[in-house]
Amino acid sequence: MIKQELIGILEGLEGDSFIEKYNEGYDKAVRDCLIAVKQLDEPKKTVLPKKADDFIKEGEGLGSDKVDIIDSAISFARAMPNDEFSLWFKSNRDLFVDALANGYEVENEPLYYVDVINDGAVHKRLILDHENGKHNIVGWSDNLIGLVQEMFTEQEIKAID
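As structure tokens, then:
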């Protein structure tokens, strides 16, 4: 049962005795419980790296259930011990299982600006032009915001020739 379900149950409770004082005490106890429950923290979801999310999504795409995905992860880690996912999985099995059982969020990869020159007078930045799909180094201005991609993941930066 999650917090919201418990709140719903408590809000629906009423004293149903013929004795008015009993009903008042019952209702007060329910209100006190409701106040306490509303103060509970929601459990935080496990945060997984994108590589783990990709592995899970691939398994789900093949129709695998959670147990099959865990078995596949174990088998994959044995078969491909040097793969990036395998290396992560070996030291994070419990985290992986917990995430599958209780839900998870995907870790946001940090994004970086690539300033080639920024000396105050001249500001040149690497961008990706959406119209032609090419990377360019341009004189930066606020007029380009929204027209080009200006922030990149580490992997995208390393992949640029």
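Here numbering that gives the first Met the number 0 is used: the first residue of the sequence shown is 0, the next is one more, and so on. In this text, a Cβ means the ideal position worked out from N, Cα and C, and glycines have one as well.
- Message: Just to confirm my understanding: we take P109, look at its own chain, exclude 5 residues before and 5 after, and list those with CB closer than 8 Å. What are they?
- Response: For P109, same chain residues with a beta-carbon under 8 Å away, outside a window of 5 residues either side, are T152 and E153 in chain order.
- Message: Given this structure, state the Cα-to-Cα distance separating D82 from I69, to the nearest angstrom.
- Response: Across the structure, D82 and I69 are spaced so that their CA atoms are roughly 16 Å apart.
- Task: Spell out a yes or no on whether the region 82-102 and the region 20-29 are touching, meaning 3 or more CB-CB pairs, one atom from each, closer than 8 Å.
- Result: Below 8 Å, too few C-beta pairs join the region 82-102 and the region 20-29 to call them touching: fewer than three.
- Task: Please look up how many angstroms separate the CB atoms of V113 and I156, rounded, as I've assumed it's under 8 Å.
- Result: Rounded to whole angstroms, the Cβ separation of V113 and I156 is 6 Å, and the two are in contact under 8 Å.
- 3-residue-minimum beta strand (DSSP E) runs that sit fully inside the region 79-110, ordered along the chain: Counting whole runs of 3 or more residues, the region 79-110 contains the beta strand (DSSP E) stretches 103-105.
- Query: Buried or exposed: where does I126 fall if 16 or more other Cβ atoms within 10 Å of its Cβ makes it buried?
  - Reply: Here I126 is buried. Its C-beta has 16 or more other C-beta atoms within 10 Å.
- To the nearest angstrom, how far is it from the Cα of I136 to the Cα of K44? So the two alpha carbons sit approximately 40 Å from each other.
- Query: Using the beta-carbon count (16 or more within 10 Å), is N39 buried or exposed?
  - Reply: According to the sequence displayed, residue 39 carries Leu and not Asn. It is exposed - the Cβ of L39 has fewer than 16 other Cβ atoms within 10 Å.
- Unbroken beta strand (DSSP E) run spanning G119, endpoints: That residue, G119, is in no beta strand (DSSP E); it is neither H nor E in DSSP.
- Item | Cutoff 6 Å; reference V46; Cβ partners in own chain excluding five residues on either side | E104 and E106, listed in sequence order.
- Item | Simplified DSSP assignment, three categories, for L12 | Reduced to three states, the DSSP call for L12 is coil.
- Task: Locate the alpha helix (DSSP H) running through I34, then write down its first and last residues.
- Result: Segment E19 to K37, the alpha helix (DSSP H) holding I34.
- Selection from G62, M150, V66 and E41 that minimises the alpha carbon distance to D97: Ranking the options by Cα distance to D97, first place goes to V66.
- Item | Nearest residue (CA-CA) to I116, options W139, S63 and K37 | Comparing C-alpha distances from I116 to each of W139, S63 and K37 shows the shortest one belongs to W139.
- Item | Beta bridge counterpart(s) of I126 as assigned by DSSP | Answer is N135, bridged to I126.
- Query: If you draw a straight line from the C-alpha of A100 to the C-alpha of C32, how long is it?
  - Reply: In a straight line, the C-alpha of A100 is about 28 Å away from that of C32.
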